[in-house]
Amino acid sequence: MDRSLLRPTGWARVADFLHLMRLDRPIGTWLLMWPTLWALWIAAEGVPGRNVLLIFIAGVYVMRAAGCVVNDYADRHFDGHVKRTKHRPLATGRISEAEAQLLFIALVATAFILVLLTNWFTVLLSIGGVVLAFIYPFMKRYTHLPQVVLGAAFSWAIPMAFGAVLGHVPFEAWLLFSANVLWTVAYDTQYAMVDRDDDLKIGIKSTAVLFGSADRLIIGVLQVAALGLLAWVGWRVGLGGFFWLGLAAMAATFVHQQRLIAGRERDRCFQAFLNNHWSGLLIFAGIALSWWPITG
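In this text, residue positions in the sequence shown follow numbering that gives the first Met the number 0: the first is 0, and each later residue adds one.
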């Protein structure tokens, strides 16, 4: 049967496109937003300028949506075999491949227009972000480390934020970038643990498959390393007590996540993944409060 016959018409299609861009599931947007805000606040040593802040917030929404579209396009022949993804609009045929391609182009074009409002150094950096967002979904065919590519993609806004505010990317930015890559690999491994059984059946590669029974230990090592790099950033830029309190609170969320994934149950691994929203928020709160304007 022609799968296009399953598609709704008119305004009824809006829900499918929102689902394709994951605008109905904001967790990925927040996990991209928090490190972007960390970088903007550290680069500006406090509240960044209104224009650059709005540009990066809009950019996060647009690029996260673009990443979801290209991810579902890459997985369109696999998602139907995975419990969690079998009802996605590309997998069911409710959105066509051509429509997904056009939507991805439109979203990337919108992101490029946004970055043009910054400076040419940031525009050049943005090319790396687009490349990472495009190649990540295809990496799971060739390597067990697609989460590392995702980590780089989710962290690329950090050097861009420093470039937009300062016009260059200092050492602290790359420390922050590295910390976020490690954190991303940790939480996306928790996410991949949800689908590990299905991925093994259909031959999809991931860190959850690669790590096997050592998954909890390696996630813990990655989390500790991320905390260490964040502490190094905080020490180098002279952040105050609120930051260290936020870092300790982030460590507490990691302990909670380890408890959740102890039995490797699908639902609890997904809960652990979702909990990382609070991990990122707590660090942002610590950074923002450390540079909170003091008035006499």
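Cβ atoms here follow ideal geometry from the backbone N, Cα and C, with glycine treated the same way.
Inspect the beta-carbon positions of residue i and residue j and report whether they are closer than 9 Å.
{"i": "MET132", "j": "MET62", "result": "A quick correction: the sequence has Ala, not Met, at residue 132. Closer than 9 Å, so yes."}
{"i": "VAL232", "j": "LEU165", "result": "no"}
{"i": "PHE103", "j": "ALA65", "result": "yes"}
{"i": "ALA108", "j": "VAL68", "result": "no"}
Determine the direct distance from the alpha carbon of residue j to that of residue i, and round the result to whole angstroms.
{"i": "GLY58", "j": "LEU113", "result": "7 Å"}
{"i": "ASP194", "j": "ARG265", "result": "8 Å"}
{"i": "MET0", "j": "GLY92", "result": "In this prediction, MET0 has a pLDDT of 41, which is less than 50 and means its spatial position is unreliable; what the coordinates show is noted afterwards. Distance between the alpha carbons of MET0 and GLY92: 11 Å."}
{"i": "ALA73", "j": "VAL130", "result": "15 Å"}
{"i": "PHE176", "j": "ALA151", "result": "8 Å"}
{"i": "THR206", "j": "LEU144", "result": "6 Å"}
{"i": "LEU106", "j": "PRO47", "result": "25 Å"}
{"i": "ILE203", "j": "GLN256", "result": "24 Å"}
{"i": "GLU96", "j": "PRO88", "result": "10 Å"}
{"i": "HIS18", "j": "GLY262", "result": "30 Å"}
{"i": "LEU229", "j": "LEU246", "result": "8 Å"}
{"i": "LEU123", "j": "HIS167", "result": "12 Å"}
{"i": "ILE218", "j": "ALA185", "result": "5 Å"}
{"i": "ALA163", "j": "ASP198", "result": "39 Å"}
{"i": "THR142", "j": "ASP187", "result": "15 Å"}
{"i": "ASP296", "j": "ILE94", "result": "Here the chain has residues from 0 to 295 only, and residue 296 is not among them."}
{"i": "PHE241", "j": "CYS268", "result": "30 Å"}
{"i": "VAL208", "j": "SER125", "result": "31 Å"}
{"i": "ASP214", "j": "LEU53", "result": "38 Å"}
{"i": "VAL148", "j": "TYR135", "result": "6 Å"}
{"i": "ASN118", "j": "ILE26", "result": "29 Å"}
{"i": "ALA287", "j": "THR35", "result": "13 Å"}
My output table needs one value for residue i: the three-state DSSP class, helix, strand or coil.
{"i": "GLY295", "result": "With a pLDDT of 42 at GLY295, under the threshold of 50, the modelled position of that residue is not reliable, and no figure is offered here."}
{"i": "THR142", "result": "coil"}
{"i": "ARG215", "result": "helix"}
{"i": "ALA38", "result": "helix"}
{"i": "VAL296", "result": "Coverage of the chain is limited to positions 0 through 295, which leaves residue 296 absent and any answer about it impossible."}
{"i": "ARG305", "result": "Lying outside 0 to 295, the shown extent of the chain, residue 305 is not represented and no answer is given."}
{"i": "THR117", "result": "coil"}
{"i": "ASP197", "result": "helix"}
{"i": "GLY262", "result": "coil"}
{"i": "GLY237", "result": "coil"}
Hey, residue i and residue j are a contact pair by Cβ (cut 8 Å); roughly how many whole angstroms apart?
{"i": "SER289", "j": "GLY239", "result": "4 Å"}
{"i": "GLN146", "j": "ILE260", "result": "In fact, because the Cβ distance is near 15 Å, the residues do not count as touching under 8 Å."}
{"i": "LEU216", "j": "LEU181", "result": "The pair is not a contact, with the Cβ atoms about 14 Å apart (cut-off 8 Å)."}
Unbroken stretches of the alpha helix (DSSP H), 4 residues or longer, contained in the region 147 to 195: Taking only runs of at least 4 residues, the alpha helix (DSSP H) segments lying wholly in the region 147 to 195 are 156 to 165 and 170 to 193.
Completely contained beta strand (DSSP E) runs for the region 49 to 115, where each covers 3 or more residues: none
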